[in-house]
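In what follows, a structure is listed as structure tokens, so that the remarks can point back to it.
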Amino acid sequence: MSGKPFYITTPIYYVNSVPHLGTAYTTVAADALARYRRMTGHDVHFLTGLDEHGQKVAQAAEENGVSPQEWVDRIAPAFKEVWELLDITNDDFIRTTEERHELGAQAFLSKLYEQGDIYKGHYDGWYCVPCETYYAEDQLIEGECPSCGREVKFLKEDNYFFRLSAYQDFLVDLIENNPSFIEPRTRRNEVLSFVNSGLKDLSISRTTFEWGIPLPFDTDHVMYVWFDALLNYITALGYGENGEPEFSGDLGRFWPADVQFVGKDIIRFHCAIWPAMLHAAGVALPKQVFAHGFLLTKGEKMSKSKGNAQTPASLVERFGVDAYRYYFLRDVNFGQDGSVSMESMVQRYNGDLANDWGNLCSRLFNMIGKYFDGVVPPMPTQLTDTDETLRAYAAVLPEKYEDAIQSLDFSGALESVWDLVKGTNYYIENEAPWGLAKAEETRPRLEAVLYNALEAVRIAALFCFPVMPNTSSDVWTRLGLGDISAVKDIAADAQWGKLPAGNSVTTGDPLFPRIYEDE
Ligand code: MSP
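Per this note's numbering, the sequence shown starts with residue 89, numbered consecutively.
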């Protein structure tokens, strides 16, 4: 691979249960970005994985009457299955119980210990197991976890601490001087006020249970699960694999990450603790951490504990995987909370996919079959004003799409594709090819109109691909084109006129058959 490295990560998921729509959301968004960046010629490395240590996972194992290792080994395949179902193209899948990770995490911690950034002390405070987070008394809300509202436990033990407080000024400087380090802006402000309110040193070890990575310098302690988990982003690239605090091997070229996707509930870890850890160890910082919002159902965060979280499989079965991916990325603004419901999904599906996009393809391919025996007519040499208008929609798309993706606005990117899709539908309605087909003298115009419309469809399919890979591949195949997933320069491929005249067009089944509410 010769392109510019592009490294994107998702959080690693707790294996206390199987993935639900909320947890799948980040991974789908990351996949769309990874696929698009492959189409802009980047050498993409897309990482996801599992956070397998900690008390929360140990408890889930205990409730199920198996050892933690048996439990994580049982659940891990369920994650892989869901990612396959959703056509996720991650390049690696890290599990924090893997040796490469444990070695890397230990090498990192030893370095910090040796240079005096880790010291032994005493911890007195509150701990929320579901969030795996420590809180001071005054952070609690009515005696409960300020993040999830559940019960917290009082902990009193000898722990090792990371000198987080020593990095307060560094973090303030970092956040203030690098406005795009944390996006969106509201999250940046939130982290800044958290850091400004004064950072306490972080307890990074536990002695009350064993399910974790032993500290290399004191094996009575296991590593605090968040300290261990954050390191996955570099251990997956070979950091510490050779026992030394450095990247060994070829994958180190991907660090620093171009963007790390996280949910808004875990920004303190990713935007304060993580950069402080990296800075302490002399490792470069990620270029950006982007925090998305929550998927809400009936106004509440979708989560397993609330019992309101569906698994992706039932929706994929009803709508298909492409429509699944489209719905969440189109309907929810990445970066903000968004309500999702079956009604709005049916609406999006029927409106955008069945009507606008699917019908456009069917009608057009049928007309090519009917009027031109399924062969792409020649590209017109003369353009009318309406042809120019249609071409203009296609011409602005690469830049509009790129701009939207630069700001991680997936919904905006899809909207820009829809300008072209809708513009093409309008063009067909206006030009009424069925009328042009009635007389021999309007046949050249019929050829021109259908070539233009096909070309617009080819280009729209190209930009739909990162979000809807299956139907886009299908459209390209039906247009007699090659493998769309091999595209490496989407802007070049989006140039008008690349559809070869003479290609065979096949009609096929509707891409998105209409769904009726009571189905
Ligand atoms: N294990 C930690 C992350 C460690 S990363 C070094 C963790 N795991 S989690 O499984 O609880 O959550 C993973 C991600 O899923 C988080 O980014 C969280 O925000 C996201 N989501 C969980 N429920 C969600 C919604 N309802 N909506 C959107 N994202 C949600 O935290």
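Even for Gly, the Cβ is constructed at its ideal location relative to N, Cα and C.
Neighbourhood of Val-283 by C-beta distance below 8 Å, restricted to the same chain and skipping five residues each side: By 1-based counting over the sequence shown, the position of residue 283 is 195. The residues are Gln-256, Leu-259, Val-260, Ile-263, Ala-360.
Unbroken beta strand (DSSP E) run spanning Asp-205, endpoints: Your numbering for residue 205 matches position 117 in the sequence shown. DSSP places Asp-205 in no beta strand (DSSP E); its state is neither H nor E.
heavy atom of ligand 1 below 7 Å from Lys-317 C-beta: Within the sequence shown, numbered from 1, the residue matching residue 317 stands at position 229. What sits at residue 317 in the sequence shown is Ala, not Lys. Yes, the beta carbon of Ala-317 sits closer than 7 Å to at least one heavy atom of ligand 1.
Of the listed residues Thr-111, Ser-105, Ala-164, Leu-599, nearest to Leu-448 (C-alpha basis): To locate residue 448, count along the sequence shown from 1; it is residue 360. Nearest Cα to Leu-448 within the set Thr-111, Ser-105, Ala-164, Leu-599: Leu-599.
The segment 193-210 / the segment 143-161 touching (three or more Cβ pairs under 8 Å): As far as the Cβ criterion goes, the segment 193-210 does not touch the segment 143-161, which means the pair count is below three.
Residue from Phe-196, Ile-603, Lys-389 whose Cα sits closest to the Cα of Ala-58: The requested residue 58 does not occur in the structure, where the chain is confined to residues 89 to 607.
7 Å CB neighbourhood of Cys-219 in its chain, flanking five on each side removed: What you label residue 219 is simply residue 131 of the sequence shown in a count that begins at 1. Taken in chain order, the residues that qualify are Cys-233, Ser-235, Cys-236.
His-108 in three-state terms, based on DSSP: Sequence index remark: in the sequence shown, residue 108 carries index 20 (1-based). The three-state reading of DSSP puts His-108 in coil, since its state is none of H, G, I, E or B.
Whole-number beta carbon distance between Ile-100 and Ile-182, since they are thought to touch under 8 Å: Here the question's residue 182 lines up with position 94 in the sequence shown. Here the question's residue 100 lines up with position 12 in the sequence shown. Contact between Ile-182 and Ile-100 holds: CB atoms are separated by about 7 Å, below the 8 Å threshold.
For Glu-543 and Leu-587, the rounded distance between their alpha carbons: Taking the sequence shown and counting its residues from 1, the one referred to as residue 587 is at position 499. Taking the sequence shown and counting its residues from 1, the one referred to as residue 543 is at position 455. Distance from the CA atom of Leu-587 to the CA atom of Glu-543, rounded to whole angstroms, is 6 Å.
Supposed contact pair Asn-396 and Glu-388 - C-beta distance, whole angstroms, cut 8 Å: Locating residue 388 in the sequence shown gives position 300, where the first residue counts as 1. Locating residue 396 in the sequence shown gives position 308, where the first residue counts as 1. Indeed, because the Cβ distance is near 6 Å, the residues count as touching under 8 Å.
Beta-carbon contacts of Leu-60 that lie in its chain and below 8 Å, excluding the five residues immediately before and after: Residue 60 is absent from the structure shown; the chain starts at 89 and stops at 607.
Proximity below 8 Å, CB of Pro-400 to CB of Leu-109: If you number the sequence shown from 1, residue 400 lands on position 312. If you number the sequence shown from 1, residue 109 lands on position 21. Between Pro-400 and Leu-109, the gap from beta carbon to beta carbon is short of 8 Å.
Delimiting residues of the alpha helix (DSSP H) encompassing Asn-152: Here residue 152 is taken as the residue at index 64 of the sequence shown, counted from 1. Taken as a continuous stretch (DSSP letters only), Asn-152 belongs to no alpha helix (DSSP H), as it is neither H nor E.
Any non-hydrogen atom of ligand 1 within 7 Å of Asn-320 CB: Walking along the sequence shown from the start, residue 320 turns up at place 232. Yes.
Endpoints, the alpha helix (DSSP H) within which Lys-288 is located: Counting from one through the sequence shown, the residue named residue 288 turns up at place 200. Lys-288 -> no alpha helix (DSSP H), and no H or E assigned at all.
Three-state secondary structure (DSSP) of Lys-510: Stepping through the sequence shown from its first residue, residue 510 is reached at position 422. Note: Lys-510 maps to helix in three-state DSSP.
Cβ pair Gly-326, Ser-336 closer than 8 Å: Against the sequence shown, residue 326 aligns to sequence position 238. Against the sequence shown, residue 336 aligns to sequence position 248. Taking 8 Å as the cut-off, the beta carbon of Gly-326 is found closer than this to the beta carbon of Ser-336.
Where His-133 falls: helix, strand or coil (DSSP): For the purposes of this step, residue 133 is taken as the residue at position 45 of the sequence shown. Here His-133 sits in strand by DSSP.
Straight-line gap, Ala-549 to Leu-569 (C-alpha atoms, nearest Å): Mapped onto the sequence shown, residue 549 falls at position 461. Mapped onto the sequence shown, residue 569 falls at position 481. Rounded to whole angstroms, Ala-549 to Leu-569 spans 12 Å at the Cα level.
Under the three-state DSSP convention, the category Met-430 falls into: To locate residue 430, count along the sequence shown from 1; it is residue 342. DSSP, read as helix, strand or coil, puts Met-430 in helix.
Ala-70 versus Lys-392: straight-line alpha-carbon distance, rounded: Past the boundaries of the shown model lies residue 70; the chain is included only from 89 to 607, so the question cannot be answered.
Rounded straight-line distance, which links the Cα of Phe-422 to that of Gly-500: Stepping through the sequence shown from its first residue, residue 500 is reached at position 412. Stepping through the sequence shown from its first residue, residue 422 is reached at position 334. Distance from the CA of Gly-500 to the CA of Phe-422, rounded to the nearest whole angstrom, comes to 10 Å.
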